[in-house]
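FYI, the numbering for the sequence shown is 0 to 298, going by numbering that gives the first Met the number 0.
In this text, a Cβ means the ideal position worked out from N, Cα and C, and glycines have one as well.
Below you'll find the structure, written out as structure tokens, and then a few comments.
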Amino acid sequence: MKQFHVKTIVKLILGSLVITNSFTEALAVDLGTVSSGAGSGSSTPAATASSAPYQAPTQGSLVATEPQSVISQQYIQNNITGASNYTDVANIAPSVMNVSPNGPGGNDSGAMTLRGFQDGQYNVTFDGIPFADGDDFTHHVTSYFMSQDTGNVVVDRGPGNASTIGDATFGGTIAINSKNPGSNTALTPYLSTGSFNTHLEGVQFDTGVMQNYNDFSAFVDYKHFSTDGYMLNNKMTRDNLFAKFIKPISENTAITFVAMHNSSTQNASQGATSAQLAQFGPNMGLSEVPPKNSLPWVA
């Protein structure tokens, strides 16, 4: 009887180990390659899209001395609509807060905060070049780049060092990097639709690597976006043309030229009062009736 119990216990232990090992292997998922940044306070880390079937939404840097989150091109392409602004992409990173009540890319959501700092109190760069509105350090995000042309976004939650350039670097840096041209010649049309009469149509042309022109490569991307929006009377239309050209001049040096033309028309709502929300609902944006005596020539 004692020998029987010992054998039974041994079998149960070995069986549980086999089951545990199989269960662990079933749950083991490749989260992709963690791409490191270029260094402390850097706004142009070498982060590329991974071919792994699964990838973490944000990836940390292995060399930066400040906390960074790298949002890869793979995540952007697979999870973010092509009409989104960089604020919609950065929103997945820790310490970033952004709200797009009219839908991704559907309104000028310039209220994104980074570690509690509001727009104008942190740095925003594109391919390492800081940019902002003409009157202050804030950003009208619907006037800039769309996620369709974004290679990766790096959220640097530190103030950087003496070599960090830009506006309001004390609040951190949102570094947007454009994607590179494809290696093969291709013409890629795309179309997407969504709620509230939302449409995105576009086409991208890649030249591929042109060996007859010393490995010159480029892509041109045109897109048209329109939406009625979730908010009342908050329609928006947008046309964006983006181009990038790369010409290697040596083994380790290349000349890059980027150009963009953007035209957007929107009915930007500045919010609503509690009385308006109670009367018109939570999607109150703009009223169709102008306020009485709002203009000097209105009786």
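(message) Alpha carbons only, please: which of Thr64, Ala63, Asn78 and Met209 is nearest the one belonging to Ala55?
(response) As a working mapping, residue 55 is identified with position 56 in the sequence shown. Ranking Thr64, Ala63, Asn78 and Met209 by Cα distance to Ala55 puts Asn78 first.
(request) Starting from the C-beta of Thr23, find all residues in its chain whose C-beta is less than 6 Å away, skip the five residues before and the five after it, and write them out in chain order. (result) For this step, residue 23 is matched to residue 24 along the sequence shown. A caution first: Thr23 carries a pLDDT of 37, below 50, which makes its placement in the model unreliable, though a value can still be read off. Contacts found: none.
(message) Quick check on DSSP: helix, strand or coil for Val288?
(response) Sequence index remark: in the sequence shown, residue 288 carries index 289 (1-based). When DSSP states are grouped into helix, strand and coil, Val288 belongs to the coil group.
(request) State buried or exposed for Ile75, treating a residue as buried only when at least 16 other CB atoms are found within 10 Å of its CB. (result) Translated into the one-based positions of the sequence shown, residue 75 becomes position 76. With at least 16 other beta carbons inside 10 angstroms of its own, Ile75 counts as buried.
(message) Going by DSSP in three states, Ala110 sits in which element: helix, strand or coil?
(response) Start at 1 with the first residue of the sequence shown, and residue 110 comes out as number 111. In this structure, Ala110 counts as coil in the three-state DSSP scheme.
(message) Let me check one thing: in DSSP terms, what residues is Val153 bridge-paired to?
(response) Reading the sequence shown from its first residue, position 154 is the one you call residue 153. Per DSSP, Val69 and Ala174.
(message) Quick check on Leu61: buried or exposed, where buried means 16 or more other Cβ atoms within 10 Å of its Cβ?
(response) For the purposes of this step, residue 61 is taken as the residue at position 62 of the sequence shown. Leu61 is exposed by the Cβ-count criterion.
(message) Measuring alpha carbon to alpha carbon, tell me which residue in Ala63, Arg114, Gln278 and Ser146 is nearest Asp87.
(response) Here residue 87 corresponds to residue number 88 of the sequence shown, with the count starting at 1. Relative to Asp87, the option among Ala63, Arg114, Gln278 and Ser146 whose CA is nearest is Ser146.
(request) Assign Glu65 to buried or exposed, taking buried as 16 or more other Cβ atoms, counted over all protein chains shown, within 10 Å of its Cβ. (result) Counted from its first residue, the sequence shown places residue 65 at position 66. Result: buried.
(request) Counting only runs of 3+ residues fully inside the stretch 221-279, write out the beta strand (DSSP E) ranges in chain order. (result) The qualifying runs are 235-247 and 253-265.
(request) For the beta strand (DSSP E) holding Tyr189, just list the boundary residues, first then last. (result) Residue 189 sits at position 190 when you count from the first residue of the sequence shown. Residues Ala185 to Gly193.
(request) Would you kindly report the start and end of the unbroken alpha helix (DSSP H) that includes Val202? (result) The residue given as residue 202 occupies position 203 in the sequence shown. That residue, Val202, is in no alpha helix (DSSP H); its beta strand (DSSP E) goes Thr197 to Asp205.
(request) Look up Phe218 in the DSSP assignment and say whether it is helix, strand or coil. (result) For the purposes of this step, residue 218 is identified with residue 219 of the sequence shown, where counting begins at 1. Phe218 carries a strand assignment under DSSP once its states are collapsed to helix, strand and coil.
(request) Could you spell out the range, first to last residue, of the alpha helix (DSSP H) harbouring Val88? (result) Looking up residue 88 in the sequence shown gives position 89. It spans Tyr85 to Ala89 - the alpha helix (DSSP H) in which Val88 sits, taken as one unbroken run.
(request) Throw me the rounded Cβ distance for the Phe256 and Asp227 pair, which I believe falls under 8 Å. (result) Along the sequence shown, one-based indexing puts residue 256 at 257. Along the sequence shown, one-based indexing puts residue 227 at 228. Not quite, the Cβ-Cβ distance comes to about 36 Å (not below 8 Å), so this is no contact.
(request) Find out if the Cβ-Cβ distance for the pair Val152, Ile173 is shorter than 8 Å. (result) Locating residue 152 in the sequence shown gives position 153, where the first residue counts as 1. Locating residue 173 in the sequence shown gives position 174, where the first residue counts as 1. It is a contact, given that the beta carbons lie within the stated cut-off.
(message) Between Arg237 and the ligand SAH, is there a pair consisting of the residue's CB and a ligand heavy atom that are separated by less than 7 Å?
(response) Within the structure as shown, the ligand SAH is missing, as the structure has no ligands at all.
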